[in-house]
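In the numbering used here, the protein residues as written are -1 to 138.
Put into structure tokens, the structure is as follows:
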């Protein structure tokens, strides 16, 4: 059952829930986006994998891919390529820079935005959180 749940998770299922309430006088609302997939795998580098591969459960303690049978072939091939540390010289690593570079970009997720008939875009938001990935409104 556990392996089945992990395999299901690796299919990247998602659920979107939206609640809307009309109000006659409302300042631009705060927006919170929560994503269980905190990092974009496509943005993870060999250096990232070297430093946090085990922490992210992408590698085991021996820097090998754990349970490769659960990964999609394309993802597994990319992961194995990035996890080939032969001759690799690790560079300094910053977790803050890692979050900024690999986290999701609001511009990729915000398909359409309007408030009181005026269009808005990712430029109208600023990111505030410990991980710098939640969007809140910028002053208009």
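The beta carbon of each residue, even a glycine, is placed where N, CA and C say it ideally should be.
Treat the numbers as computed from the prediction; the structure is a model and nothing was measured.
Does DSSP put residue i in a helix, a strand or coil?
| i | result |
| --- | --- |
| residue 73 | helix |
| residue 5 | helix |
On a Cα-Cα basis, can you pick out the residue from the options that is closest to residue i?
| i | options | result |
| --- | --- | --- |
| residue 95 | 117, 56, 42 and 14 | 42 |
| residue 17 | 23, 8 and 27 | 27 |
| residue 37 | 57, 116, 100 and 0 | 100 |
| residue 29 | 116, 63, 108 and 4 | 108 |
| residue 89 | 3, 46 and 5 | 46 |
| residue 33 | 121, 122, 102 and 114 | 102 |
Could you name the residues of the same chain whose beta carbon sits closer than 6 Å to that of residue i, not counting the 5 residues immediately before and after it, in chain order?
| i | result |
| --- | --- |
| residue 49 | 91 |
| residue 93 | none |
| residue 55 | none |
| residue 66 | 74 |
Among residues of its own chain, excluding the 5 on either side of residue i, which ones have a beta-carbon nearer than 8 Å to its beta-carbon?
| i | result |
| --- | --- |
| residue 10 | 35 |
Just curious, the beta strand (DSSP E) that residue i is in, first and last residue?
| i | result |
| --- | --- |
| residue 123 | 123 to 125 |
Taking the alpha helix (DSSP H) that residue i falls in, what are its first and last residues?
| i | result |
| --- | --- |
| residue 12 | Taken as a continuous stretch (DSSP letters only), residue 12 belongs to no alpha helix (DSSP H), as it is neither H nor E. |
| residue 47 | 44 to 50 |
By Cβ distance below 7 Å, which residues in the same chain neighbour residue i in space, the five residues on each side in sequence not counted?
| i | result |
| --- | --- |
| residue 61 | 51, 81 and 83 |
_Could you tell me which whole beta strand (DSSP E) segments of length 3 or greater appear in the stretch 76 to 112?_
none
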